[in-house]
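Inspection log for the structure reproduced underneath, given as structure tokens.
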Amino acid sequence: MASVFTKIVKGEIPAYKVAENDKFLAFLDINPVAEGHTLVIPKQEIDYLFDLEDDLLAEMMVFAKKVARALDQAIECKRVGVMVVGTEVPHAHIHLVPFKSEPQVCIVAPKMKLSEEQFMDIAERIKRYIPEDITVKS
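Reading the sequence shown from the start, the letters are residues 23 to 160 in my numbering.
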């Protein structure tokens with residue numbers, strides 16, 4: 023059965039996309055622990071991050087780095103933290119979390135409640151800083 027992330031890749035479920043190329047997709051987490059909390063996934067459905075082929079994992083990290091730099095410019099934060107937990111959805115993914123204090127970079131931290139308008143605003147702010155080679159496809 024396809025994961026919820028695979029359904030997002032296929033366009034079956036909507037998402038607040040911020041970056042995309044042929045291999046990867048970045049979109050806002052709908053249960054964020056901080057403003058701008060973004061998930062980076064491979065479009066190929068692979069359950070565990072460390073099951074990715076070495077080249078694909080390396081490319082995913084470079085993609086995530088570009089998204090993290092955009093987050094750092096778009097969201098007021100101390101840094102952009104990185105989390106790999108991998109148990110919430112059976113599809114490899116990286117959490118990018120802009121944070122002002124370290125306790126925000128925790129998967130069990132209290133979740134934010136945002137409106138659709140807030141999600142759309144955050145996504146648009148981030149997209150302004152995304153490099154052209156990973157711009158969201160129309």
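Quick reminder that beta carbons are idealized off the backbone N, C-alpha and C, glycines included.
Handout entry: Whether Leu118 touches Val104 by CB criterion (8 Å)
Key = yes
Problem - Three-state secondary structure (DSSP) of Ala131 - result: coil
Handout entry: the region 83-100 contacting the region 50-68, beta-carbon criterion three pairs below 8 Å
Key = yes
Handout entry: Distance between Asn53 and Gln140 (C-alpha atoms, nearest Å)
Key = 13 Å
Exercise for the section: Can you say whether Val102 is buried or exposed, counting buried as having 16 or more other CB atoms within 10 angstroms of its CB? Expected result: buried
Practice task
Would you please state the rounded distance, in angstroms, between the beta carbons of Phe49 and Lys39? I believe it to be under 8 Å.
Solution key: 5 Å
Problem - C-alpha gap between Arg147 and Glu124, whole angstroms - result: 23 Å
Exercise for the section: Determine which residues share a DSSP beta bridge with Ala48 and list them. Expected result: Ala41, Val62
Exercise for the section: May I have a chain-ordered list of the beta strand (DSSP E) segments no shorter than 3 residues that lie completely inside the region 90-122? Expected result: 101-105, 116-121
Handout entry: Sub-8 Å separation of Val62 and His115 beta-carbons
Key = yes
Handout entry: Inter-residue spacing [alpha-carbon to alpha-carbon] between Thr28 and Asp143
Key = 24 Å
Exercise for the section: Return helix, strand or coil for Ile148, following the three-state DSSP convention. Expected result: helix
Practice task
Taking only the alpha-carbon atoms, compute the straight-line gap between Lys87 and Phe72 and give it to the nearest angstrom.
Solution key: 18 Å
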